[in-house]
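*Asks:* Quick one: the structure is below, and I'll ask about it shortly.
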Amino acid sequence: MPARSIEQVRNLCKRRGFVFPGSAAYGGLGSFWDYGPLGVEMLNNVKKAWWRNVVYERDDVEGLDAAILMSRKVWQHSGHEATFSDPLVDCRACHARHRADHLTDDTCPKCGAPALTGPRSFNLMFKSHVGPVEAAAGSEEEMASRVYLRPETAQGIFMNFAHVQRSLARKVPFGIAQVGKAFRNEITPGNFIFRTREFEQMEIEFFIKPPQFVQPGEKTDEQWHAEWVEQRYNWWLSLGVEEGRLRRRAQEAAELAHYSKATTDLEYLFPDFGWGEVEGIANRTDYDLSAHSKDVPPEDLKRLKLETNADSVEKLDYFDPDAKARYVPWVIEPSAGATRAMLAFLCEAYHEELTKEPPAAEVDAIRAEIPAVVKNADKKAKEAEKARAKNEPAKHDPAAIATFCVALEEAAARLPQSLLEVAALLEDHPGAQNLEPVKKLAPKVVKLAEDCTRVVLKLHPTLAPVKLAVFPLKKNEAAIVDVAKRLKHQFQRFFRVAYDDSAGIGRLYRRQDEIGTPFCITVDFQTLEDNTVTVRERDTMKQERVKMEDLKHLLFTRLHMG
Ligand code: GAP
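Okay, so the sequence shown: first residue is 9 according to the numbering used here, each after it adds one.
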């Protein structure tokens with residue numbers, strides 16, 4: 009079973025150094041996140057896996073890294089300044105802000121007074137200025153120096169279409185790939201790193217012949233679109249996403265962005281909120297290159313609903329040597345979120361497992377105590393309600409107790425598989441705090457969970473932040489430590505290797521399982537005699553004795569590096 013809730017993943021990410029809230033010493037800043045030592049490794053691995061797949065393993069894609077800040081004219085002519093906005097409504101009573109198109113009964117103002125303002129259009133681009141400007145917002149001087157933090161990396165690619173094509177003498181069809189930061193002043197960011205205001209995208213603009221130039225036997229724009237959807241879908245599966253949790257969904261006409269003829273979203277089945285877009289593959293036609301070009305014929309402007317571009321000094325077209333004609337290429341755009349991909353891969357990889365069958369008597373004893381815990385919780389909830397009715401301070405929160413009781417009974421019915429879940433509920437659920445029977449039961453359950461369960465991230469080895477951990481069986485045995493350190497140094501040239509001697513081997517394994525390390529090596533006394541070490545595999549927990557001289561081959565093969 010993958011993660012049951014985003015909260016499980018968020019907790020793990022904070023506890024083990026993947027993702028921390030940004031600006032934490034000042035109480036955080038709405039939905040900005042910092043990627044810690046393991047998070048930066050994993051995010052880099054996601055981006056590298058994407059780059060390898062779409063640049064190195066193809067013959068028709070080049071890479072690019074364009075500036076984040078571009079001329080404001082780019083965003084005027086791309087259509088973003090006028091249309092990249094969401095409808096915003098405010099609650100007149102509590103001043104909470106909502107996206108009008110996302111309002112449901114659940115998200116209606118919590119104050120319970122649905123007195124909403126009418127929808128206003130709110131542009132999602134962050135503004136800044138180039139040079140020292142102190143002019144009033146909207147003044148001529150302010151507008152002249154205004155820039156936007158890019159809300160998509162795509163426009164940097166369009167700006168460089170002709171440079172890349174000419175400098176590398178590329179023939180259409182070919183693509184340009186870019187990975188980089190994008191910024192959107194989202195009205196309702198949330199769900200951890202799913203929707204944030206600063207994030208990373210992995211985008212390709214793939215330039216193809218316009219329909220009227222396609223020869224028999226060549227792919228049409230619709231065939232290229234369908235092919236990219238399949239290529240990209242298979243990439244997600246190749247990195248461990250289960251087919252049942254990834255789907256292709258063609259956008260309805262009303263959903264399409266202003267530039268799109270057709271878009272297919274790839275959606276992942278997230279815990280808590282269900283299907284969420286992780287990548288969109290759009291047919292952007294010749295909209296963007298035409299939008300940024302001078303001298304576009306009036307019939308094309310009309311077809312694309314564009315105005316004449318009097319600011320552009322270039323025509324972003326292409327001379328096709330086979331057709332002996334110039335044209336503005338069409339574009340297929342696979343656009344994925346790198347940070348959102350990381351969340352999907354983490355949710356997919358998160359597992360809680362029994363490592364051994366807990367003694368039946370101990371499980372039965374826990375089961376037997378649950379009704380008493382629930383009965384006591386109910387009683388405390390009623391007392392709290394009565395206190396509140398009399399405007400007296402209440403020791404408990406009845407609503408939190410109610411959710412705790414439901415979750416506890418549901419999880420207890422699945423014991424022993426749910427041992428870790430029951431332990432987490434008793435230890436951390438807000439409704440459980442200060443309940444005497446919980447205080448009594450929690451230590452027993454936590455201890456049993458520690459002995460018999462593990463959290464394991466079953467990440468594809470390519471994505472795992474740490475590929476290998478090396479443990480000396482005895483940290484005070486100089487000869488063992490020496491071999492273990494030598495092994496670490498041997499492999500850290502190739503990938504991230506951890507060295508840990510701060511606990512017993514069982515606990516060290518559990519720590520590495522929790523961060524998804526595919527292999528652990530233990531150096532022991534036998535190593536000193538026969539040059540073998542124990543290699544332990546994360547998912548199967550199988551251990552084998554391997555000669556040190558064979559380690560490199562074994563690891564490279566199993567880490568998909570050979
Ligand atoms: N150039 C096309 C484009 O930007 P998009 O569907 O708006 O299309 C592409 O974004 C991908 O970027 C999405 O599929 C998602 O993975 C990611 N993305 C978009 N907004 C995001 C946000 N606020 N936070 C995190 N990722 C986001």
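All C-beta atoms, glycine included, are put in the ideal place defined by N, C-alpha and C.
(1) Taking 7 Å as the cut-off, is the C-beta of S343 nearer than that to any heavy atom in the ligand GAP?
(2) Residue range of the beta strand (DSSP E) that A190 falls in?
(3) Ends of the beta strand (DSSP E) at E360?
(4) Any heavy atom of the ligand GAP closer than 7 Å to the CB of F353?
(5) Looking at the secondary structure, which residues open and close the beta strand (DSSP E) in which P95 lies?
(6) Taking 7 Å as the line, does the beta carbon of F207 fall inside it for any heavy atom of the ligand GAP?
(7) Report the three-state DSSP secondary structure of Q209 (helix, strand or coil).
(8) Could you tell me if S39 is buried or exposed, where buried requires 16 or more neighbouring beta carbons within 10 angstroms of its beta carbon?
(9) Could you pull the start and end residues of the alpha helix (DSSP H) that T530 belongs to?
(10) What does Q520 pair with, by DSSP beta-bridge criteria?
(11) Which residues does DSSP pair with P342 in a beta bridge?
(12) Consult DSSP for G71 and reduce its assignment to one of helix, strand or coil.
(13) Taking G183 as the reference, which of L247, H88 and V63 has the closest Cα?
(14) If you reduce the DSSP assignment to three classes, tell me which class A410 lands in.
(15) Return yes when at least one heavy atom of the ligand GAP lies under 7 Å from the C-beta of H204, else no.
(16) Is the number of C-beta pairs between the stretch 346–362 and the stretch 413–428 that are closer than 8 Å three or more?
(17) Can you tell me whether N53 is helix, strand or coil according to DSSP?
(18) Rounding to the nearest angstrom, what Cα-Cα distance links V541 and T535 in this structure?
(19) Report all residues from its chain with a CB closer than 8 Å to the CB of P469; omit the five preceding and five following residues, and keep chain order.
(20) Taking the alpha carbon of P460 as the point to measure from, which residue in V371, K387 and D386 has its own alpha carbon closest?
(21) In the DSSP assignment, find the beta strand (DSSP E) that holds S136 and state where it starts and stops.
(22) Rounding to the nearest angstrom, what Cα-Cα distance links K550 and G87 in this structure?
(23) Leaving out five residues on either side along the sequence, give the residues of the same chain with a beta carbon under 6 Å from the beta carbon of G198.
(24) In three-state DSSP terms, what is V464?
(25) Distance, Cα to Cα, C21 vs T347?
(26) For the beta strand (DSSP E) that T542 lies in, which residues bound it at each end?
(27) Could you please give me the residues that DSSP links to G87 through a beta bridge?
(28) With DSSP as the reference, label E393 as helix, strand or coil.
(29) Can you tell me the Cα-Cα spacing of Y326 and G252, whole angstroms?
(30) If we require 4 or more residues per run, which alpha helix (DSSP H) segments fall completely within the stretch 427–479?
(31) For N637, does the three-state DSSP call read helix, strand or coil?
(32) Give me the Cα-Cα distance between R546 and P473, rounded to the nearest whole angstrom.
(33) Since E160 and V187 are thought to touch, with beta carbons under 8 Å apart, how far apart are those beta carbons, to the nearest angstrom?
(34) Just the Cα atoms here: how many angstroms apart are P305 and R158?
(35) Pull up the distance between the alpha-carbon of R375 and that of N484, whole angstroms please.
*Replies:* For this structure:
(1) yes
(2) F182 to F191
(3) Y358 to L362
(4) no
(5) S93 to D98
(6) yes
(7) strand
(8) buried
(9) Careful: T530 lies outside any alpha helix (DSSP H), inside the beta strand (DSSP E) at F527 to V531.
(10) Paired residues: none, contrary to the question.
(11) I289
(12) strand
(13) V63
(14) helix
(15) It should be pointed out that residue 204 corresponds to Thr in this sequence rather than to His. Indeed, a heavy atom of the ligand GAP lies less than 7 Å from the Cβ.
(16) yes
(17) helix
(18) 6 Å
(19) K475, P526, R566, L567 and H568
(20) Reading off the sequence shown, one finds Cys at residue 460, where the question assumed Pro. The shortest Cα separation from C460 among V371, K387 and D386 belongs to V371.
(21) K135 to H137
(22) 56 Å
(23) none
(24) strand
(25) 13 Å
(26) T540 to E545
(27) None; G87 has no bridge partner.
(28) helix
(29) 42 Å
(30) 427–436 and 444–460
(31) This structure does not reach residue 637, given that the chain is present from 9 up to 570, and the question cannot be answered.
(32) 14 Å
(33) Incorrect: roughly 12 Å between the Cβ atoms, too far for contact.
(34) 29 Å
(35) 43 Å
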